[in-house]
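Counting from 901, one number per residue, gives the positions in the sequence shown under the working numbering. Just so it is clear, CB atoms sit at the ideal spot from N, CA and C, and this is done for glycine as well. Here's the structure we're looking at; comments come further down.
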Amino acid sequence: MKYDPDDIPEIDLMGYLERNENRFFRSGAFDAIELAGMIATEALTLGAGNVHIRSDGEWLTVAADLDWLESQEHKAFCSITPFPQAGPNSMLAEILAVAFSAGVATATRLGSKVVKGSAAAPTSTVDPDSARTVSFRRSRGSRPSESA
């Protein structure tokens, strides 16, 4: 029997993440503070020397002096992206912010981008020496639209 690539059904990524939420968070449910720690750990693992987590009311922001997503940004916010530097079966956590948070934004020295939601990113200033920030809302959000 021969299979064609069209025979393989496309996986509903957000549905998969929602159904398996308990696999990603120690308490079994979305925890914004835990997620900020996961993202900060990525930056440190990939060589950042200065990493901060800042709380600005409804938003948490991870900022680092190294752009830890530079070669992965196009995938990190829209797919389960392997993170082999952290060990077997590891993945970048930014997709979890997209799946579970009400708003996600990222910025580099070149500019900023809203990944999910329509609200502006946090109002507090982030260290101008930061090479990358990832901000997300503490509140849980709905599934992002398929066109996002």
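Residue i (DSSP reduced to helix, strand or coil)
i, result
"M938", "helix"
"M901", "coil"
"F1000", "helix"
"S1024", "Here the model assigns S1024 a pLDDT of 48, short of 50, so the residue's position is not dependable, and the following value carries that caveat. Reduced to three states, the DSSP call for S1024 is coil."
"R926", "coil"
"D1029", "coil"
"L944", "helix"
"I908", "coil"
Opposing strand residues paired with residue i [DSSP bridges]
i, result
"L960", "S955, F1036"
"V1014", "A1005"
"M914", "M914 is not bridged to any residue."
Any contact between the region 934-950 and the region 1007-1014? By contact I mean 3 or more CB pairs, one from each, below 8 Å. Contact fails between the region 934-950 and the region 1007-1014, because fewer than three Cβ pairs, one in each stretch, are under 8 Å apart.
For this session: For the region 959-997, list the beta strand (DSSP E) runs that are entirely contained and at least 3 residues long, ordered along the chain.
Result: List check, beta strand (DSSP E) in window: 959-964.
Stretch-stretch touch, CB-based, cutoff 8 Å, three pairs: the region 916-925 with the region 943-959
The region 916-925 makes no contact with the region 943-959; the number of CB pairs closer than 8 Å stays below 3.
Any 3 or more C-beta pairs closer than 8 Å across the region 993-1005 and the region 905-912:
The region 993-1005, when compared against the region 905-912, does not touch it at the 8 Å Cβ threshold.
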